[in-house]
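For reference, the structure is listed below as structure tokens.
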Amino acid sequence: MSAPYGLMAEFASADALLAAARRAREAGYARTEAYSPFPIEGMAEAIGFEKTRVPLATLVAGIAGGVGGFFLQWYTAVIDYPENIGGRPLNSWPEFIPVTFETTVLFAAFAAAIAMLAANGLPRLRHPVFEVREFDLATRNRFFLCIPARDPRFDAAPVRRFLEALEPMRVMEVPA
Amino acid sequence: MSSQLLNPRWGYASISDKIADIVLHRPVHWIWALGFIVSGAFSAMFFGLMGYLFLKGVGVWGVNIPVAWGFAIGNFVWWIGIGHAGTFISAFLLLLRQKWRNSINRFAEAMTLFAAGIAGIWPILHLGRPWFAYWLLPYPDIMKLWPQWRSPLVWDIFAISTYLLVSLLFWYMGLIPDLATLRDRASSRTKQVVYGLFALGWRGEARHWKRFEIAYLLVAGLAAPLVISVHSVVSLDFAIGNTPGYHSTIFPPYFVAGALFSGFAMVLVLAIPMRKFFGLEDFITMHHLDNAAKIMLATELILAYGYLAEIFTGFYSGDKYEIAITVNRFVGPYAPVYWTLFALNIFIPQLLWFRRIRRSLPALFILGILINIGMWMERFMIVVSSLNRDFLPSSWGLFIPTWVDWSMLAGSIGFFVFLFLLFIRALPAISIFEMREIAAEERQ
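Chains as they are written, first to last, in the numbering used here: chain X, 1 to 176; chain P, 1 to 444.
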């Protein structure tokens, strides 16, 4: 049998998981994963996750959408298909604002969603944690802390002792 | 405050099971089946009449010169307005940290999608040559033509399609964690696979939640100005033209207020039977309905201001055409519509000042229906009354709807109900993970 994906402990409450995640960080585990059925305030900080580039991607795409939308209108109305309507200016930029606004929002919103999924590595239908039978409850009412084998400080026996000291409902091995 | 939102006897597991089992395990009830068949028949009529319209042309409607904008445009404005409440609830109330939105946002967003989708059909039907609808899009065609960017009709297609796409995205994002719940709870293989595919392998990891929350908040922040922009752009379809009665700067705020007003009325019309039928009274409480009724009252007052400002500026302009159209609304051929909409949208909703009315289910349900009728009449009045008398008496004319006009309106309502009934059975009508968050707060 190959090395497992990691070891997993199951908890009954959000507070227990939060406390366990903090203890794991104090103990030096840097890759701890915490699974919960709803977002828990402070959990990301507890496992040491702070930086996300989702807002940056949204900003960049929003600017690109706005500039692109305006350029499309400017280029088509001024360069490619100029229409002289009573001598009015071709670059009638105030009239281009509604579409510019819409393309900005469209690009930014889709970038936010796509960046979120991409950074999360989703879609990924198959993942080792799903092999644990109890993990079905991670989307219902149970909270799981997983210390993966790729954590630099991972060593099966001490990790198991560490998790058991947290007084979880049970400790399970996640097969690879 | 928060204890009004959720009875403390509900925990994470019972909330999840209650909402998920409506979809997964509840057998089909005969009332649902009857509604499904009836609304399905209306939907079939809607699409059948579309075929008739395409075969015969727009002459099957009552539209003609001078009233070339009839039911199709009125229905379009009405439906898109109904959609607004869903985005308002999900985006604005999220940004304002109004926790009571958590149990009503999901089905209100579904309502938005269906209403906006149906709204989008009408302008295309109205085109006369609907198979050329794609000419509105900018693409390098062999005729070397580009859209006229200075036209509100082109703004409209961008506004509506962006609104539809962003609403769909927002709704789907919120659904991902709940689809994972359905995947993990489903007992049949087919359901596991179908919900599992759409859940994209969501596992609820802390980093994922963090990015999810940030992205959700960002999309909400983007959807909030979007919802204001959509009906503003729709109103510019009218306000940019110089037709008396259309050419008014009050139109954008007045349209947006009317949209929210009719949308919240529709939320009540959908929520009251739904919570009763599925036993969701503990999640959609009287407190929620009361809050929705208060927002209705507030938007109704803005709308009343819009009506009065329209009358005032009509006379104040000193323009004889503007004055004539205002008087024509009071006493002209469509005066009964005008006064009825005043009664339904302005006078009767004043009942919402009373707490007893805001806390009475039958009263709210009836008010919701009356307000939707009143708002439909308002859209009709705006579209038709200005066109039937413009500058030249020689080009005056009446619009009289035909049986096709009425049947297509009824068919579109049937199609809306049909989609909503399907939604309730296929997806969780209340956001499960956001209800768990409320339960978590209750415990502290």
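For each residue, glycine too, the CB sits at the ideal point set by N, CA and C.
{"Query": "Member of M8/X, F49/X, A24/X whose CA lies at the smallest distance from the CA of A119/X", "Result": "F49/X"}
{"Query": "Per DSSP, the bridge partner or partners of G6/X", "Result": "P148/X, V174/X"}
{"Query": "Burial state of D141/P (16 or more Cβ within 10 Å)", "Result": "exposed"}
{"Query": "Any C-beta of chain X under 9 Å from that of E213/P", "Result": "yes"}
{"Query": "Other residues of its chain near W396/P: CB distance less than 8 Å, five sequence neighbours each side excluded", "Result": "P66, N388, R389, D390"}
{"Query": "Status (buried if at least 16 other CB within 10 Å, exposed otherwise) for D156/P", "Result": "buried"}
{"Query": "Minimum C-alpha distance to M266/P - residue among F278/P, G83/P, K294/P", "Result": "G83/P"}
{"Query": "Same chain only: Cβ atoms within 8 Å of P158/X, ignoring 5 sequence neighbours per side", "Result": "none"}
{"Query": "Min CB distance A208/P to chain X below 9 Å", "Result": "It should be noted that the sequence gives His, not Ala, for residue 208/P. Interface residue, yes."}
{"Query": "Uninterrupted alpha helix (DSSP H) stretches inside the stretch 185–232 of chain P (no shorter than 4 residues)", "Result": "189–199"}
{"Query": "Beta carbon proximity, F71/X to chain P, threshold 9 Å", "Result": "no"}
{"Query": "Bounding residues of the beta strand (DSSP E) (the contiguous stretch that carries E33/X)", "Result": "33–35"}
{"Query": "Inter-residue spacing [alpha-carbon to alpha-carbon] between R379/P and T326/P", "Result": "16 Å"}
{"Query": "D184/P at chain X interface by Cβ criterion, 9 Å", "Result": "yes"}
{"Query": "Rounded C-alpha distance that separates M169/X from I432/P", "Result": "24 Å"}
{"Query": "Cα-Cα separation, N75/P to Y35/X", "Result": "47 Å"}
{"Query": "Between the CA atoms of P349/P and I114/X - distance to the nearest angstrom", "Result": "43 Å"}
{"Query": "Interface positions of the stretch 33–57 of chain P facing chain X (Cβ-Cβ less than 7 Å), listed along the chain", "Result": "none"}
{"Query": "Three-state secondary structure (DSSP) of F170/P", "Result": "helix"}
{"Query": "Cβ of K276/P within 9 Å of any chain X Cβ", "Result": "no"}
{"Query": "Residues of its chain near G445/P, where Cβ-Cβ distance is below 8 Å and the 5 sequence neighbours each way are ignored", "Result": "Absent from the structure is residue 445/P, since the part of chain P shown begins at 1 and ends at 444."}
{"Query": "With 16 other Cβ atoms within 10 Å as the buried cut-off, status of Y134/P", "Result": "exposed"}
{"Query": "Closer than 9 Å at the beta carbon, the chain X residues around Y134/P", "Result": "None at all; the shortest Cβ gap to chain X is about 16 Å."}
{"Query": "N-terminal and C-terminal residue of the alpha helix (DSSP H) that E300/P is part of", "Result": "286–316"}
{"Query": "DSSP beta-bridge partners of F143/X", "Result": "F11/X"}
{"Query": "C-alpha gap between E173/X and P148/X, whole angstroms", "Result": "10 Å"}
{"Query": "Any 3 or more C-beta pairs closer than 8 Å across the stretch 54–74 of chain X and the stretch 214–232 of chain P", "Result": "yes"}
{"Query": "Chain-ordered chain P contacts of N84/X [CB-CB under 8 Å]", "Result": "Within 8 Å Cβ-Cβ: nothing; N84/X doesn't reach chain P, min ~13 Å."}
{"Query": "N-terminal and C-terminal residue of the alpha helix (DSSP H) that Q73/X is part of", "Result": "54–74"}
{"Query": "Cα-Cα separation between E134/X and I80/P, rounded to whole angstroms", "Result": "45 Å"}
{"Query": "For Y246/P, three-class secondary structure by DSSP", "Result": "coil"}
{"Query": "Same chain, Cβ closer than 6 Å to A72/P, neighbours up to 5 away in sequence not counted", "Result": "W122, L125, H126"}
{"Query": "Cβ-based neighbour list, L200/P, same chain, cut-off 7 Å, excluding 5 preceding and 5 following", "Result": "I176"}
{"Query": "Inter-stretch contact (C-beta, 8 Å, three-pair minimum) for the stretch 300–307 of chain P and the stretch 337–356 of chain P", "Result": "yes"}
{"Query": "Where Q98/P falls, given that 16 or more other Cβ within 10 Å makes a residue buried", "Result": "exposed"}
{"Query": "Buried or exposed by the 16-neighbour rule on C-beta atoms within 10 Å, applied to N291/P", "Result": "buried"}
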